[in-house]
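Inspection log for the structure reproduced underneath, given as C-alpha cells.
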Amino acid sequence: MDEPGSCLARMRETAPLVHNITNFVAMAVMANVLIAAGASPAMVHAREEAAEFATLAHALTVNIGTADPDWGTAMEEAAAVMNGAGRPWVFDPVGVGATRFRQALSERLIALRPTVIRGNASEIRALAGLEGAARGVDAGDSVEAAAEAARLLACRTGGIVAVSGPVDYVTDGKEAYRVANGHPLMPRVTALGCALNGVIAAFCVGQPALAATTAALAFYGLAGETAARSARGRAASSRPSSMPWQR
Amino acid sequence: MDEPGSCLARMRETAPLVHNITNFVAMAVMANVLIAAGASPAMVHAREEAAEFATLAHALTVNIGTADPDWGTAMEEAAAVMNGAGRPWVFDPVGVGATRFRQALSERLIALRPTVIRGNASEIRALAGLEGAARGVDAGDSVEAAAEAARLLACRTGGIVAVSGPVDYVTDGKEAYRVANGHPLMPRVTALGCALNGVIAAFCVGQPALAATTAALAFYGLAGETAARSARGRAASSRPSSMPWQR
Amino acid sequence: MDEPGSCLARMRETAPLVHNITNFVAMAVMANVLIAAGASPAMVHAREEAAEFATLAHALTVNIGTADPDWGTAMEEAAAVMNGAGRPWVFDPVGVGATRFRQALSERLIALRPTVIRGNASEIRALAGLEGAARGVDAGDSVEAAAEAARLLACRTGGIVAVSGPVDYVTDGKEAYRVANGHPLMPRVTALGCALNGVIAAFCVGQPALAATTAALAFYGLAGETAARSARGRAASSRPSSMPWQR
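Chains as they are written, first to last, in the numbering used here: chain A, 1 to 247; chain B, 1 to 247; chain C, 1 to 247.
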C-alpha cells in the first residue's frame with residue numbers, strides 16, 4: 001500500500017469538489033475541515049438540485065444524522081449519479097439503530113453499494129444485522145466487536161467498511177488495516193466523525209478506495225494529535241461520548 | 001436545596017442522552033456544550049422519527065427559533081412521549097412575540113406543560129400574556145419586570161419558569177431563586193442561551209426540577225465566567241444584544 | 001464619500017435588526033459576526049413567518065446556498081416587504097451557475113431589484129449572463145474579469161453590485177470603488193463571505209448604499225487583517241478555495 005503521505009499529496013493536487021448531504025450539526029465543521037485538508041466542499045441537499053449538482057462533484061458524502069424523507073431521496077439520486085460516473089461516495093449511517101426511518105433509509109443506501117461505509121462500532125454492527133437492539137448509542141461496543149460485521153458488510157456491498165474508534169478498522173472484506181492515530185479529545189468535539197467522511201471521500205478520488213480510506217484515517221488522526229497538543233480546554237469527563245455525532 | 005455541585009455530579013453519573021429539537025444556529029454549539037458538561041446530545045427533528053427517538057432519550061429540549069409546521073408537530077409528539085414517560089423537557093419560546101406562527105406554536109407547547117420554560121424577560125412576559133407588543137426583541141425588559149410573569153406562567157403550567165438575564169430568576173410559582181453568575185460576554189456569543197436549555201434538561205434527569213434548574217444556571221454561569229477569563233476578543237459594543245438567540 | 005469609520009459609527013448607533021435567510025453552513029458564523037459588528041441578527045426562513053418577521057427588521061439578507069422551493073418563496077416575500085418599506089436587502093447568488101434551480105431562483109430575486117448583490121467573480125458573471133458555463137466554481141475568474149458584468153447588472157437592477165475577491169469591486173453602474181483590504185486566510189474559513197452580507201445590510205440601513213457597501217467591505221477586510229495577526233493555524237494549501245461558501 002502507498003504511503004499515506006502520497007495519498008494526501010495526490011488528493012491536494014486534485015483539490016476535489018466534495019458534495020456533502022450531511023447533518024446540520026456537522027455542516028460548518030465539515031466545510032472547514034475539507035478546506036483545511038485541501039479539498040473544496042459544497043453542501044447541497046435540496047431534491048430540486050442535488051442530483052444535478054452531483055454531476056459537477058468529484059465525490060459525495062451522505063450522512064443520515066438529520067435526514068428527512070426528501071433528503072433521503074436526494075441522497076439516493078446523488079449516489080446514483082456518482083455510481084453512473086464511477087466516482088466515489090461515502091455513507092455514514094448515523095444512529096442507524098435508533099429509529100425505523102434510519103434503518104429503512106440506510107438499507108436503501110446500502111443497496112446502492114457505497115464506495116465506503118464509515119460508522120462507529122454499534123452502527124456497523126446494526127447495519128450488518130448483527131445486533132437488533134443497537135439504538136444509536138455505541139457505549140458498549142468496541143471496534144474489535146464490529147470487525148466481523150465490517151467484513152460481512154464489505155462482502156455484501158463490494159465496498160470498503162471503516163469502523164471508527166480508538167483504533168480504527170478498515171476492510172474490503174478480504175484485507176484489513178488498523179489505524180491507531182487520533183486523540184481522546186477528538187470524540188469530545190462534535191461533528192469530527194462526520195467531517196472525516198469528507199476527507200475519506202476526497203482521498204478516494206482517483207485512488208484505490210482501501211488504501212485511500214486507510215490513509216485518510218491516518219491523516220485525520222495525525223491532524224487530531226497535532227491539534228490536541230495546543231488544545232487548552234479540558235474534557236469534562238473521562239467517559240467516552242456515546243452518540244454518533246459526538247465521535 | 002442541594003448544592004449545585006451535587007446536582008452536577010449526579011448529572012455526570014447519569015450522562016443523560018438529551019434529545020434536542022433546536023434551531024439551526026444553535027445545534028453545533030449546543031452539542032459541544034452538552035458533551036463538555038458531561039451529557040450526550042442528539043439533534044433529531046424529522047416528524048418521521050422524532051417521537052420514536054424520544055423514547056430513547058432521558059430528556060428533551062424544544063426551541064422554536066427556526067421551527068416550521070413539521071418541526072412543530074415533531075416537538076409536540078416528542079414532548080408527549082416525555083410526559084408519558086415522566087421524563088423532563090425544556091421549552092424555549094425564542095422570539096415568541098415576533099410572529100403569529102411562534103405564538104400559536106408556543107401556546108400548543110405550553111398546553112403540554114413543559115417541565116421547564118426558559119426564556120428572556122420579553123419572551124416570558126409575552127408568553128404570560130402580559131405584553132402584547134413584545135416582538136422578539138428584549139431590549140427594554142429587565143428580568144425583574146418578568147418575575148411576576150414567570151410566577152403566573154409557572155402556576156399555569158405547574159412547571160418551572162426560568163428568566164435569563166444578568167441575574168437569572170427561577171420559580172415554581174411558589175418559591176423563587178436568583179442566580180447572579182455569568183459574564184457580560186455571554187450574550188455576545190450566539191446560541192449560548194439556547195445551549196443552556198440542554199444543560200437544564202440534563203440536570204433535571206432524576207432530580208427535582210426547581211433545584212436542578214437553579215443548579216444548571218449556576219453551573220453554566222460559572223462556566224461562562226471561567227471561559228471569559230481567557231477570552232481574548234473584545235465585544236464590539238457595550239450594548240446588550242437584543243435578539244433571543246444572541247443571549 | 002464618507003469615511004468608512006463614520007458609516008460604522010452610524011450603523012452601531014442604529015444597532016439594526018438584520019433578518020437573514022441564509023444557508024445552514026453560515027448561520028452561526030453570521031450571527032456571531034453581526035453581534036461582533038454591533039448589529040442584531042435573526043435567522044428566520046419558514047414561509048409561515050418570514051414575511052411577517054421582515055416587517056420588524058431594519059434590513060434583510062437572502063442567500064441561496066442551501067435554499068429549497070419553500071425558502072425561495074420566503075425570500076421573495078420577505079424581499080417584497082423590504083421593498084415596500086424602503087428598507088435595504090442584500091442578495092448573495094451562491095453557486096448560481098451550478099444548477100437550474102439556483103438560476104431560476106436568482107432570476108426571480110433579481111427581478112425584485114436587490115439593494116445590493118454580492119458575489120464572487122464567477123457568480124456575478126453568471127448572473128449577468130456573460131458566462132453560461134460557470135457552475136458555482138470561481139477558480140478561473142478574476143474580480144477584474146467580472147467588473148463589466150457588475151456594471152451591467154447594476155444598471156439592470158438599479159442597485160449596487162459588489163464582487164468579492166483579493167481586491168473587491170463595488171459599483172452602482174456609474175461610479176466604482178475598489179477595496180484592497182482583507183487577508184488570504186479569509187477565504188480559508190467557511191462562511192466568512194456569507195457573513196459579510198449581513199454586515200453590508202447593516203451598514204446600508206439609513207445610509208447611501210454605494211458608500212455603505214464600500215465601507216462595509218473595508219471594515220470587514222480590516223477585521224480580517226486584525227484577526228489574521230493572531231491566527232495560529234496554517235492554511236493547508238496556497239490554492240485559493242473555489243466554492244462560494246468558502247470565500
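Beta carbons are placed, not taken as given, at the ideal position from N, Cα and C, and that holds for glycine.
Original post:
Got a sec, what are the start and stop residues for the beta strand (DSSP E) Gly-119 (chain B) sits in?
Top reply: 116 to 120
**OP:** Closer than 7 angstroms by beta-carbon distance: list the chain C residues that pair up with Asp-68 (chain B), in chain order.
**Re:** Ala-46 and Glu-48
**OP:** Using only alpha-carbon positions, find the residue among A:Trp-89, A:Ser-122 and A:Ala-223 that is nearest to Leu-109 (chain A).
**Re:** A:Trp-89
**OP:** Grab me the residues of Gly-159 (chain A)'s own chain with a C-beta within less than 8 angstroms of its C-beta, minus the 5 sequence neighbours each way, in chain order.
**Re:** Arg-113, Pro-114, Thr-115, Val-116, Ile-117, Asp-172 and Ala-209
Original post:
Can you give the beta carbon distance from Ala-104 (chain B) to Arg-125 (chain B), rounded, assuming they're within the 8 angstroms contact cut?
Top reply: Wrong, their Cβ atoms sit about 18 angstroms apart, outside the cutoff.
**OP:** Name, going along the chain, the residues of the region 2 to 14 of chain B whose beta-carbon falls closer than 7 angstroms to a beta-carbon of chain A.
**Re:** Arg-12
Subject >> Start-end ranges of the beta strand (DSSP E) lying completely within the region 149 to 207 of chain C, minimum 3 residues >> reply: 160 to 164, 168 to 171 and 176 to 179
Original post:
When you compare only the Cα positions, how much space is there between Asn-197 (chain B) and Cys-204 (chain B)?
Top reply: 11 angstroms
**OP:** Can you tell me which of A:Ile-21, A:Ala-231, A:Met-30 and A:Lys-174 puts its alpha carbon nearest to the alpha carbon of Ala-74 (chain A)?
**Re:** A:Ile-21
Subject >> Whether Tyr-169 (chain A) touches Ala-180 (chain A) by CB criterion (8 angstroms) >> reply: no
Original post:
Cα-Cα, which of A:Ser-6, A:Val-81, A:Ala-28 and A:Ala-80 is closest to Thr-190 (chain A)?
Top reply: A:Ala-28
Subject >> Straight-line gap, Val-199 (chain B) to Thr-157 (chain C) (C-alpha atoms, nearest Å) >> reply: 48 angstroms
**OP:** Would you mind telling me which residues of chain C sit closer than 9 angstroms to Ala-145 (chain B), beta carbon to beta carbon, in chain order?
**Re:** Near Ala-145 (chain B) there are no residues of chain C at all, since even the closest Cβ is about 20 angstroms away, more than 9 angstroms.
Subject >> Cα-Cα separation, Arg-47 (chain C) to Thr-66 (chain A) >> reply: 21 angstroms
Original post:
Would you say Met-75 (chain B) faces chain A, with C-beta separation under 8 angstroms as the test?
Top reply: no
Subject >> chain B within 8 angstroms of Ala-195 (chain A), Cβ atoms only >> reply: no
Original post:
Roughly how many whole angstroms lie between the Cα atoms of Arg-10 (chain C) and Arg-102 (chain B)?
Top reply: 32 angstroms
Original post:
Name the chain C residues whose beta carbon is nearer than 7 angstroms to that of Phe-24 (chain A)?
Top reply: Phe-24
Original post:
Bridge partners of Ile-21 (chain B), per DSSP?
Top reply: B:Val-62
**OP:** Output yes if chain B places a C-beta closer than 8 angstroms to the C-beta of Arg-125 (chain A); else output no.
**Re:** no
**OP:** Could you please give me the residues that DSSP links to Pro-41 (chain A) through a beta bridge?
**Re:** A:Val-18
**OP:** Using a Cβ cut-off of 8 angstroms (strictly closer), state whether Phe-203 (chain B) contacts chain A.
**Re:** no
Original post:
Based on the DSSP output, what are the partners of Trp-89 (chain B) in its beta bridges?
Top reply: B:Leu-60
Original post:
Can you round the beta-carbon distance between Gly-193 (chain C) and Gly-224 (chain C) to whole angstroms, since I take them to be within the 8 angstroms contact cut?
Top reply: Rounded, the Cβ-Cβ distance is 11 angstroms, inconsistent with contact.
**OP:** Just mark Glu-148 (chain C) as buried or exposed, buried being the case when its beta carbon has 16 or more other beta carbons within 10 Å.
**Re:** exposed
Original post:
Among B:Thr-213, B:Leu-185, B:Ala-212 and B:Ala-215, which residue has its Cα nearest to the Cα of Ser-230 (chain B)?
Top reply: B:Leu-185
**OP:** Would you mind telling me which residues of chain B sit closer than 7 angstroms to Phe-53 (chain C), beta carbon to beta carbon, in chain order?
**Re:** Ala-98 and Thr-99
Subject >> Three-way DSSP call (helix, strand, coil) for Glu-3 (chain C) in this model >> reply: coil
**OP:** Mind the definition here: the region 53 to 64 of chain C touches the region 75 to 82 of chain C only if three or more C-beta pairs lie below 8 angstroms; say whether that holds.
**Re:** yes
Subject >> Helix, strand or coil at Leu-109 (chain A) [DSSP, three-state] >> reply: helix
**OP:** Say whether chain C places a C-beta atom closer than 8 angstroms to the C-beta of Ala-149 (chain A).
**Re:** no
Subject >> Chain-ordered neighbours of Ala-28 (chain C) on chain B, where CB pairs are closer than 9 angstroms >> reply: Phe-24, Val-25, Ala-26, Met-27, Ala-28, Val-29, Thr-190 and Ala-191
**OP:** Can you grab the Cα-Cα spacing for the pair Gly-165 (chain B) / Phe-219 (chain C), in whole Å?
**Re:** 31 angstroms
**OP:** Measure the C-alpha to C-alpha separation of Pro-93 (chain C) and Phe-24 (chain C) and round it to an integer number of angstroms.
**Re:** 15 angstroms
Original post:
Taking Cβ-Cβ distances shorter than 9 angstroms, what residues in chain B pair up with Met-82 (chain C)?
Top reply: In chain order: nothing, as chain B lies at least about 16 angstroms away.
Subject >> Buried versus exposed, by CB contacts within 10 Å (16 or more), Ser-122 (chain A) >> reply: buried
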